[in-house]
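Worksheet: the structure to be examined is printed underneath.
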Amino acid sequence: MAYYVGVDLGATNVRAAVADENAEILGVSKRGTPRGPTGIAVTEAVLEVTRAAFDEAGVDPEQAVAAGIGSIGPLDLAEGVVENPANLPDTIDRIPLTGPLSKLLDTDRIYLHNDTAAGVIGERFYSDRNPDDMVYVTISSGIGAGVCVDGHVLSGWDGNAGEVGHMTVDPNGEMRCGCGRDGHWEAYCSGNNIPKYAEYIYEEDTVETELPIEDPDFDAIDVFEHAGEDEFADYVIDQVNHWNTMGVANIVQSYAPLVIFIGGAVATNNPELILEPIKERIDDMVFINVPDIQLTTLGDEVVLKGAVASALTGGTGDRSRL
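So the numbering used here is basically just the index in the sequence shown, starting at one, shifted up by 991.
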């Protein structure tokens, strides 16, 4: 029996899963992502959860054939590392991944992807149609995409393709992105930036609202919880949906996917307020074929299952390669 490993390295948690050659998950392990003191602590956490997943599966790590990794970035594919991860402390400047995991598993078949690329691999693998042209978009604390065109998962020379959240959607640049540039999609529509956008709109045209705008803990959840009950909250959500639709339209016109799966906490927790407006408006913003737009089928396991699927299919999600 051949065994395969998937690793999901996020800014909050590290998870690993062991599967058999039929993609049946046999063991899973999870722990918090270390905040330091260096990137080696994160590497050790990856190895720890991998060993624990094998223990749960009752399998020796050296029986693994291949592993897939879906990780926060930025990546350096040539070195097999994460370099200066944006959402971890500055002391974590380099996280070795492929080398240490290869040594643990005694295989050089290690496929490293950014997390959204792992997401599109997972959605492709588990989709009934196993489409060659598709996109996975995450709208969460940040915004990104995994793209598959003509059966090829796009990674870019360094592994960082798909940073669609940093596409400019507003040429006036009213909002500054966390990356320091203005007008990016993520600056308006990510979970971290929706409350900042609401504050900006409120300051421009103060209106009565039940939103706790001045509360230091004001966040995106507050905005969505007031939907349908607060006129200002509804206006903010409407503006967010305008930028979301524009971002998705740019993806459609760039890659011509047959299907787009949308995930991430902002979308999965508010599908009627986020997904449905995109589906309703997209036809007005594209001039080519409008793809099927769906909520992710894999929930918050999309990266982990995508990493497993990558290991099983040589980094592609193509079921014919099983």
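Every residue gets a Cβ at the ideal spot worked out from N, C-alpha and C, and that includes glycine.
- Comparing alpha-carbon positions, the option among Tyr1179, Tyr1226, Ser1181 lying closest to Leu1202 turns out to be Tyr1226.
- With contacts defined as CB atoms closer than 9 Å, Ile1284 and Ile1273 qualify as a contacting pair.
- Taking a C-beta distance under 9 Å as the contact criterion, Asn1232 and Pro1207 do not qualify as a contact pair.
- Residue range 1101-1105 is occupied by the beta strand (DSSP E) that includes Leu1103.
- The count of Cβ pairs closer than 8 Å, one atom from the region 1228-1245 and one from the region 1116-1133, reaches three, so the stretches are in contact.
- A distance below 7 Å between beta-carbons, with the five flanking residues on each side excluded, links Glu1012 to the following residues of its chain, in chain order: Met992, Ala993.
- By alpha-carbon distance to Thr1107, the top candidate from Ser1311, Leu1295, Arg1312 is Leu1295.
- Assignment of beta strand (DSSP E) within the region 1228-1307, counting only whole runs of 3 or more residues, yields 1250-1254, 1283-1286 in chain order.
- Classified as exposed, Pro1028 has fewer than 16 neighbouring CB atoms from the shown chains inside 10 Å of its CB.
- Residue burial annotation: Asp1097 is exposed, with fewer than 16 other C-beta atoms found within 10 angstroms of its C-beta.
- In the three-state scheme derived from DSSP, where H, G and I count as helix and E and B as strand, Arg1167 is classed as strand.
- Leu1313 sits in coil when the DSSP states are folded into three classes, being neither helix nor strand.
- By the Cβ criterion, the region 1251-1261 is not in contact with the region 1072-1079, since fewer than three pairs of Cβ atoms, one from each stretch, lie closer than 8 Å.
- With a cutoff of 9 Å on beta-carbon distance, Ala1044 and Val996 are scored as near each other.
- Residue environment: Phe1116 is assigned as buried (16 or more neighbouring CB atoms within 10 Å of its CB, all protein chains considered).
- Residue pairing by DSSP places Thr1200 opposite no residue, since no beta bridge is assigned to it.
- Asp1196 has its alpha-carbon roughly 38 Å from the corresponding atom of Asn1151.
- CA-to-CA, the gap between Thr1288 and Arg1026 works out to about 31 Å.
- Pro1076 carries a coil assignment under DSSP once its states are collapsed to helix, strand and coil.
- Beyond the five residues adjoining it in sequence on each side, Asn1004 comes within less than 8 Å, by CB distance, of Lys1021, Arg1022, Gly1023, Thr1024 in the same chain, given in chain order.
- Excluding the 5 residues flanking it on each side, Ala1211 has same chain C-beta neighbours closer than 7 Å at Gly1182, Ile1185, Pro1186, Val1257, in chain order.
- The bridge partners DSSP lists for Asn1183 come to none.
- According to the DSSP assignment, Arg1042 belongs to the alpha helix (DSSP H) that extends over 1030-1048.
- Here Ala1002 carries a coil assignment [DSSP, helix/strand/coil].
- Sequence-distant partners of Ile1204 (beyond 5 residues in either direction) whose C-beta falls short of 8 Å from its own C-beta, in its chain, are Ala1189, Glu1190, Tyr1193.
- In this structure, the CA atom of Glu1177 is about 22 Å from the CA atom of Asp1149.
- Ranking Gln1230, Thr1089, Val1281 by CA distance to the CA of Ala1247 puts Val1281 first.
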